[in-house]
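Numbering (the numbering used here), first residue to last: 897 to 1102.
Structural data, given as structure tokens:
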């Protein structure tokens, strides 16, 4: 994936130069081992065999939709999913094709999560009857829930939300400041969210 090209189209070249490029292949992994996660998204797909040609014609978003990704998974997890997918289809692959397909599915996963998250945020804003521009940085941070280690996803999500909410993005300096303020609030709130997740886990255990 070429992060710089995506940035140029989403927030403008000038803004992208100010945002530190980080390794996007280390997205936050959900609870559970890689094996368990792969099993959840692949499972028993014996009907996949022979469907390689049809599968290759699908877009990256369509491929991600077949798995129903509800949250981001690590690059290694997505690669394992692709390996099992090809195995179930009876397709022998090489390293180059495996990595190329993993890149495509990872991109589609980000697109799908962004699409679903954007719809949720738009519904929440409509219910609250307030413009996205009028929200504070902390309110936006709670709403967007950026991934601290995945700038590519964060930029895609922020840009998509701005678009559907009719935010004027012509002032790149203002947009960057808003994005950066949200990102900084996200980092500040990480300890709080970690406690909430742990408390939620104890509640479920009861």
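Where a beta carbon is used, it is the ideal one built from N, C-alpha and C, also for glycine. The structure displayed is predicted, hence computed values, not measured ones.
**OP:** Please report the residue range of the alpha helix (DSSP H) in which residue 968 lies.
**Re:** Stepping through the chain shown from its first residue, residue 968 is reached at position 72. Where residue 968 is concerned, there is no enclosing alpha helix (DSSP H), given that its DSSP letter is neither H nor E.
Original post:
Which one of 1070, 1061 and 1034 has the shortest CA to CA distance from residue 1079?
Top reply: Locating residue 1079 in the chain shown gives position 183, where the first residue counts as 1. Out of 1070, 1061 and 1034, 1034 has the C-alpha closest to the C-alpha of residue 1079.
Subject >> Top-ranked residue by Cα proximity to residue 959, from 1084, 982, 970 and 1000 >> reply: As a position in the chain shown, residue 959 is number 63, starting the count at 1. Comparing Cα positions, the closest option is 1000.
Subject >> Own chain, CB closer than 8 Å to residue 1103, minus 5 neighbours either side, in chain order >> reply: Given that the chain is displayed from residue 897 to residue 1102, the structure contains no residue 1103 and the question cannot be resolved.
Subject >> Collapsed DSSP secondary structure at residue 1050 in the structure displayed >> reply: Reading the chain shown from its first residue, position 154 is the one you call residue 1050. Note: residue 1050 maps to helix in three-state DSSP.
Original post:
How about residue 1063 and residue 1017: do their beta carbons lie closer than 8 Å?
Top reply: For the purposes of this step, residue 1063 is identified with residue 167 of the chain shown, where counting begins at 1. For the purposes of this step, residue 1017 is identified with residue 121 of the chain shown, where counting begins at 1. Their beta carbons are not under 8 Å apart, which means residue 1063 does not touch residue 1017 by this criterion.
**OP:** Determine, using beta carbons only, whether residue 1010 and residue 1048 come nearer to each other than 8 Å.
**Re:** If you number the chain shown from 1, residue 1010 lands on position 114. If you number the chain shown from 1, residue 1048 lands on position 152. Taking 8 Å as the Cβ cut-off, residue 1010 and residue 1048 do not qualify as a contacting pair.
Subject >> Rounded distance between the beta-carbons of residue 1026 and residue 1061, thought under 8 Å >> reply: Position 165 of the chain shown, counting from 1, holds the residue named residue 1061. Position 130 of the chain shown, counting from 1, holds the residue named residue 1026. So it is not a contact: roughly 10 Å between Cβ atoms.
Original post:
Thinking C-alpha only, which one of 970, 987 and 989 is nearest residue 1043?
Top reply: By 1-based counting over the chain shown, the position of residue 1043 is 147. Checking every option, the nearest Cα to that of residue 1043 belongs to 970.
Original post:
How is residue 1033 classed by DSSP in three states: helix, strand or coil?
Top reply: Numbered from 1 along the chain shown, position 137 holds the residue referred to as residue 1033. Three-state result, residue 1033: helix.
Original post:
If you run the structure through DSSP and keep just helix, strand and coil, what is residue 1065?
Top reply: Mapped onto the chain shown, residue 1065 falls at position 169. Here residue 1065 sits in coil by DSSP.
**OP:** Express the C-alpha separation of residue 1006 and residue 1028 in angstroms, rounding to a whole number.
**Re:** Here residue 1028 is taken as the residue at index 132 of the chain shown, counted from 1. Here residue 1006 is taken as the residue at index 110 of the chain shown, counted from 1. Rounded to whole angstroms, the separation of the alpha carbons of residue 1006 and residue 1028 is 22 Å.
**OP:** Assign residue 1082 to buried or exposed, taking buried as 16 or more other Cβ atoms, counted over all protein chains shown, within 10 Å of its Cβ.
**Re:** Here residue 1082 is taken as the residue at index 186 of the chain shown, counted from 1. Buried, since its Cβ has 16 or more Cβ neighbours within 10 Å.
Original post:
Alpha carbon to alpha carbon, what distance is there between residue 1032 and residue 1041?
Top reply: What you label residue 1041 is simply residue 145 of the chain shown in a count that begins at 1. What you label residue 1032 is simply residue 136 of the chain shown in a count that begins at 1. Near 14 Å, if we compare the C-alpha coordinates of residue 1032 and residue 1041.
Original post:
Is it the case that the Cβ atoms of residue 1076 and residue 1008 are separated by a distance below 8 Å?
Top reply: Locating residue 1076 in the chain shown gives position 180, where the first residue counts as 1. Locating residue 1008 in the chain shown gives position 112, where the first residue counts as 1. Not a contact, by the Cβ cut-off of 8 Å.
Original post:
Starting from residue 1021 and walking both ways along the alpha helix (DSSP H), at which residues does that stretch end?
Top reply: Mapped onto the chain shown, residue 1021 falls at position 125. Boundaries of the alpha helix (DSSP H) harbouring residue 1021: 991 to 1024, taken from the DSSP string.
Original post:
So what does DSSP say about residue 1027, is it helix, strand or coil?
Top reply: Start at 1 with the first residue of the chain shown, and residue 1027 comes out as number 131. Three-state DSSP puts residue 1027 in coil, outside helix and strand.
Original post:
Hey, how far is the Cα of residue 1055 from the Cα of residue 1003?
Top reply: One-based indexing of the chain shown puts residue 1055 at position 159. One-based indexing of the chain shown puts residue 1003 at position 107. Those two C-alpha atoms are separated by around 16 Å.
Original post:
Helix or strand or just coil, what does DSSP make of residue 884?
Top reply: Since the displayed the chain opens at 897 and closes at 1102, residue 884 lies outside it and no answer follows.
Subject >> Assigned exposure category for residue 900 - 16 Cβ within 10 Å defines buried >> reply: In the chain shown, the residue the question calls residue 900 occupies position 4. Below a pLDDT of 50, predicted positions are generally treated as unreliable, and residue 900, at 44, falls in that range; the measurement from the model is reported next regardless. Here residue 900 is exposed: its Cβ has fewer than 16 other Cβ atoms, across all protein chains shown, within 10 Å.
Original post:
From this set, 985, 990 and 1051, which residue's C-alpha is nearest residue 1014's C-alpha?
Top reply: For the purposes of this step, residue 1014 is taken as the residue at position 118 of the chain shown. Closest by alpha carbon: 1051.
Original post:
Got a sec: is the Cβ-Cβ distance from residue 1044 to anything in chain C below 8 Å?
Top reply: Among the chains in the structure shown there is no chain C, since it carries only a single protein chain.
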